[in-house]
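Engineer: Questions regarding the structure given below will be posed in turn.
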Amino acid sequence: MIPEHKIQEVLDRVDIVSLVSRHVELKKAGREFKGRCPFHQEKTPSFYVVPEKRFYFCHGCRASGDAVSFIQRYLGKTFQDAVRDLAQEVGIDLEAAQDPGLKERQQVKEATDFAAEHFRSLLWHEDEGRAARAYLASRGVSEEVAQGFGLGWAPAQWSILADRFQKNGMLEWGLKAGLITKRNSGDGCIDFFRSRLMVPIRAPEGRPIAFGGRLVAAEDGPKYLNSRESRLYNKSETLFGMDQARDDIHKRKTAVLVEGYFDCIGLHQVGVRNAVALCSTNLTAGHLQVLKRAEARDLVLLLDGDSAGLAAVERLAGPLLAAGAPTRVALLPQGDDPDVFARREGTDGVERLLEGAQPLTAYLFATLLPAGKQASFEEKMSALERLKPVTSQVPPGLTRSALISALAGHFGWMPAQIESSIQYKPPPTPKPAAPASYPNAVPVQAVPRPVPKPQAERPPPESEALYVAAILRDSRLLARDTFRVCDELSHMGLRMVLAQTTSGQGLEDALFEASEVVKRTLLEAGRRLSPAGMELEAEFILACRDIMKKRIDERLVYIKRATEQTQGAFDLTEETRLLLSERKELLALRKRVLDELTPASSATGTKGPMQPV
């Protein structure tokens, strides 16, 4: 994916007048250039190129845009090809501009996609996947749920995936993704996962980024085996099942957190579809950020009803209290895990359990010191020792003060006594890499350099986000874009997403590569849109109208500023006359936009209902 700032650099460097002049005969008209539009037949020139603004527009057919969109429209090129051609022309090396790890990331992504489909097809192969399907049946996982989670099967053969990678020229990619490893002796590679039911770990957009493998019909090896981290997969920022749970979390504003893949799958099987699982033993700020983006206002821990479950609550409590995340704990019966309980009790049983969940601190206090103030000194000291790793992670402030006060009330001690025995330990900060040392180097006094503050990415305009989100939901809406609003999008991130989806790369790919700002904005816009049908079409047309109206109004403001110094009609210069003529055309165009792009007439008028394209 081409970095957004490099696209902008290309647009800044291209001489749009020189570019358009190769294909259109232009004549100077004041500050602008005018000619006959190359996109429709006309006798009177109505096509303008504005070098100051680096864009073109036509009053006749309403074509408009920048240098990239001109190449796209005139030469029929894709967005990325148009950017690459212009970059080459103005001497910008896009390859050098990209992150050095971008190529490897792309290779790992393609290898992971390839492996996910390989494992999936083997699970549903009549003979190869029989043992794995029997195991799924024994755990009560239906074919529908297995398909939804993209489950697969890695046979016992040593190199079935490695051989396929080799055949397709992807061997190095598979090695980088950790899906195959080199043999200890001799040449060639072997599969990392063998005799395992494969569980894809997917990004919130649904793209596989790693795998977990559960040993089936074999005794050699650990029960579970997980992918190592890669340029795609960071387990401290990934929650298993988020792609399946995100919509339900948004609706219910609550997430259910479990520790195992099959605990999560089992809950989804009985209809508890706001469940997610950790991909590691630790809960991090990254995980909480993922939940926050999904609008989870409440978190319920649903863990095993044994000593391991209690230890897990203690382990997770520190980060949760430090973040101030409202959390409750659902108590499973002794010896149960979420998967077993869900299969036995069903949806109603799980929902009752979740409704009775206790606040996190109340659960910790009651479990670690049931007798409270009546407990012996030794029992209080033992409980306090257990709580130290939890409370030491909570930084000074209101949350810590409230926690210490609650502890003191439960123990029957003074808050100062509790605080003095529990010191806050700030999270460790990574040390900067030591500078390289050279022979005969002369020590010099380091001069601190000001570190430039990185600029926050500009969020897309609301109407543009709604426009793109609607097309992502139903690509047929592009046929309703009679004013070619797609060429008017000002946000490069949105243009990249739209270009990828309309070029057949798919929604998951487009969102996977988009920045977090673009993802979040499109997600929020999508939630505001109707699911489908006439309502969605009306909202799309309204977004088109808003974008076009804004572009025309911006141009009208420019003309007003350029002509407001004119003293009288007899003082009009040729340039001013052209601008005033353009203003008249723009006002007529604005009226047409407002008349034509009305949801009622467009959705139900003479054009009829939206047809497949």
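For the sequence shown, my numbering begins at 2 and goes up steadily by one. C-beta: ideal position from N, C-alpha, C; glycine also.
1. Check each candidate in Leu495, Ala117, Gly130 and Asp510 and name the one with the smallest Cα separation from glutamate 526.
2. How should glutamine 270 be labelled, buried or exposed, when 16 other C-beta atoms within 10 angstroms of its C-beta is the threshold for buried?
3. Here's the rule: buried if 16 or more other CB atoms are within 10 angstroms of the residue's CB, otherwise exposed. What is glycine 175?
4. Measure the C-alpha to C-alpha separation of glutamine 359 and leucine 103 and round it to an integer number of angstroms.
5. Alpha carbons only, please: which of Met382, Glu356 and Pro462 is nearest the one belonging to isoleucine 423?
6. Mapping DSSP to helix, strand and coil, what is leucine 355?
7. By the three-class DSSP mapping on this structure, what secondary structure does leucine 467 have?
8. Can you grab the Cα-Cα spacing for the pair glutamate 538 / threonine 79, in whole Å?
9. Determine contact between the segment 188-201 and the segment 148-159, defined as no fewer than three beta-carbon pairs at a distance below 8 Å.
10. Taking only runs of the alpha helix (DSSP H) that begin and end inside the segment 14-98, which ones reach a length of at least 4 residues, in chain order?
11. Go through the segment 100-177 residue by residue and report every complete run of the beta strand (DSSP E) that reaches 3 residues or more, in order.
12. Could you tell me if the beta carbon of isoleucine 266 falls within a distance shorter than 8 Å of some heavy atom in the ligand ZN?
13. Quick check on lysine 432: does DSSP put it in helix, strand or coil?
14. Measuring straight from C-alpha to C-alpha, what distance separates arginine 134 and alanine 403?
15. Please tell me whether valine 301 and leucine 355 are closer than 9 Å, where the distance is taken between their beta carbons.
16. Buried or exposed for threonine 348, going by 16 or more other Cβ atoms inside 10 Å?
17. Cutting at 7 Å between CB atoms, please list the residues of its own chain near leucine 700, excluding the five before and the five after it.
18. Quick check on DSSP: helix, strand or coil for valine 518?
19. Taking only three categories from DSSP, how would you classify glycine 350?
20. Within a Cβ cutoff of 6 Å, which residues of the same chain sit near alanine 64, ignoring the five residues on either side of it in sequence?
21. Can you list, in chain order, the residues of its chain whose CB lies under 7 Å from that of leucine 580, leaving out five sequence neighbours each side?
22. Quick check: the segment 536-554 against the segment 469-487, are at least 3 beta-carbon pairs closer than 8 Å?
23. Taking the continuous beta strand (DSSP E) assigned at glycine 214, which residues delimit it?
24. Let me confirm a value: alanine 363 is counted as buried when at least 16 other C-beta atoms fall within 10 Å, else exposed. Which label applies?
25. Use the C-beta contact count for valine 558: other C-beta atoms within 10 angstroms, 16 or more gives buried, fewer gives exposed.
26. Just to confirm before moving on: does the CB-CB distance between alanine 219 and cysteine 280 stay below 9 Å?
27. Based on DSSP bridge pairs, tell me the residues matched to leucine 240.
28. Going by the CB atoms, is the gap between leucine 268 and alanine 276 shorter than 9 Å?
29. Would you say leucine 95 and valine 69 are within 9 Å of each other, going by their C-beta atoms?
30. Give the secondary structure of valine 445 by DSSP, where H, G and I count as helix, E and B as strand, and everything else as coil.
31. Comparing alpha-carbon positions, which option in Asp249, Lys28 and Leu365 lies nearest valine 391?
32. Per DSSP, asparagine 185 forms a beta bridge with which residues?
33. So, helix, strand or coil for glycine 180, using DSSP?
34. Going straight from the alpha carbon of phenylalanine 115 to that of proline 201, what length do you get?
35. Below 8 Å on the Cβ atoms is my contact criterion, and I expect glutamine 394 with glycine 319 to pass it. Report the Cβ-Cβ distance as a whole number of Å.
36. With distances taken between CB atoms, is the gap from glycine 261 to proline 339 smaller than 9 Å?
Structural biologist: Checking against the coordinates, here is how it stands:
1. Numbered from 1 along the sequence shown, position 525 holds the residue referred to as residue 526. Before going further, note that residue 526 is alanine rather than glutamate in the sequence given. When only C-alpha atoms are compared, the closest one is Leu495.
2. Working through the sequence shown from its first residue, we reach residue 270 at position 269. Burial call: buried.
3. As a position in the sequence shown, residue 175 is number 174, starting the count at 1. Result: buried.
4. For the purposes of this step, residue 359 is identified with residue 358 of the sequence shown, where counting begins at 1. For the purposes of this step, residue 103 is identified with residue 102 of the sequence shown, where counting begins at 1. Straight-line Cα distance between these residues: approximately 45 Å.
5. On the sequence shown, residue 423 is found 422 positions in, with the first residue counted as 1. Closest by alpha carbon: Met382.
6. Counting from one through the sequence shown, the residue named residue 355 turns up at place 354. Helix.
7. Along the sequence shown, read from residue 1 onward, the residue named residue 467 stands at position 466. If DSSP states are grouped into helix, strand and coil, leucine 467 belongs with the helices.
8. If you number the sequence shown from 1, residue 538 lands on position 537. If you number the sequence shown from 1, residue 79 lands on position 78. Roughly 25 Å separates the two Cα atoms.
9. Of all C-beta pairs linking the segment 188-201 to the segment 148-159, three or more are shorter than 8 Å, placing the two stretches in contact.
10. 17-22, 68-76, 80-91 and 95-98
11. 153-155
12. Within the structure as shown, the ligand ZN is missing, as the structure has no ligands at all.
13. Within the sequence shown, the letter at position 431 stands for residue 432. Confidence at lysine 432 is low in this model, with a pLDDT of 46, below 50, so the placement of that residue should be treated as unreliable; the coordinate-derived value is given next. Coil.
14. Counting from 1 along the sequence shown, the entry for residue 134 is found at position 133. Counting from 1 along the sequence shown, the entry for residue 403 is found at position 402. In a straight line, the C-alpha of arginine 134 is about 51 Å away from that of alanine 403.
15. For this step, residue 301 is matched to residue 300 along the sequence shown. For this step, residue 355 is matched to residue 354 along the sequence shown. In contact: valine 301 and leucine 355 (Cβ atoms closer than 9 Å).
16. Counting from 1 along the sequence shown, the entry for residue 348 is found at position 347. Threonine 348 comes out exposed.
17. Outside the displayed span of the chain (2 to 614) sits residue 700, for which this structure offers no information.
18. Counting from 1 along the sequence shown, the entry for residue 518 is found at position 517. Note: valine 518 maps to helix in three-state DSSP.
19. As a first step, residue 350 must be located in the sequence shown, where it is residue number 349. In the structure shown, glycine 350 sits in a helix (DSSP, three-state: H, G or I).
20. Mapped onto the sequence shown, residue 64 falls at position 63. Closer than 6 Å at the Cβ level, and outside the excluded window around alanine 64, lie Phe40.
21. One-based indexing of the sequence shown puts residue 580 at position 579. Cβ within range, chain order: Gly31, Ile560, Ala563 and Thr564.
22. yes
23. The residue labelled residue 214 in the question sits at position 213 within the sequence shown. Where glycine 214 is concerned, the enclosing beta strand (DSSP E) stretches over 209-216.
24. If you number the sequence shown from 1, residue 363 lands on position 362. Looking at its Cβ environment, which holds fewer than 16 other Cβ atoms inside 10 Å, alanine 363 is exposed.
25. Position 557 of the sequence shown holds residue 558. Per the 10 Å Cβ criterion, exposed.
26. As a working mapping, residue 219 is identified with position 218 in the sequence shown. As a working mapping, residue 280 is identified with position 279 in the sequence shown. Against a cut-off of 9 Å, the Cβ pair of cysteine 280 and alanine 219 comes out as no contact.
27. What you label residue 240 is simply residue 239 of the sequence shown in a count that begins at 1. Paired residue(s): Leu279.
28. For this step, residue 276 is matched to residue 275 along the sequence shown. For this step, residue 268 is matched to residue 267 along the sequence shown. Going by C-beta atoms, alanine 276 is nearer than 9 Å to leucine 268.
29. Position 94 of the sequence shown, counted from the start, is the residue given in the question as residue 95. Position 68 of the sequence shown, counted from the start, is the residue given in the question as residue 69. Against a cut-off of 9 Å, the Cβ pair of valine 69 and leucine 95 comes out as no contact.
30. Position 444 of the sequence shown, counted from the start, is the residue given in the question as residue 445. Any reading at valine 445 must be qualified, since the residue scores a pLDDT of 39, below 50, and its modelled position is unreliable; the value itself is stated next. The answer is coil: DSSP assigns valine 445 none of H, G, I, E or B.
31. Sequence index remark: in the sequence shown, residue 391 carries index 390 (1-based). Closest by alpha carbon: Leu365.
32. Numbered from its first residue, the sequence shown carries residue 185 at position 184. Partner(s): none; asparagine 185 has no beta bridge.
33. As a position in the sequence shown, residue 180 is number 179, starting the count at 1. The amino acid occupying residue 180 in the given sequence is leucine; glycine does not appear at that position. In the three-state DSSP reduction, leucine 180 falls in the coil class, being neither helix nor strand.
34. As a working note, residue 115 is residue 114 in the sequence shown. As a working note, residue 201 is residue 200 in the sequence shown. Answer to the nearest angstrom: the Cα atoms are 12 Å apart.
35. As a position in the sequence shown, residue 394 is number 393, starting the count at 1. As a position in the sequence shown, residue 319 is number 318, starting the count at 1. Sure, about 4 Å apart at Cβ, within 8 Å.
36. Numbered from 1 along the sequence shown, position 260 holds the residue referred to as residue 261. Numbered from 1 along the sequence shown, position 338 holds the residue referred to as residue 339. At a Cβ-Cβ threshold of 9 Å, glycine 261 and proline 339 count as neighbours.
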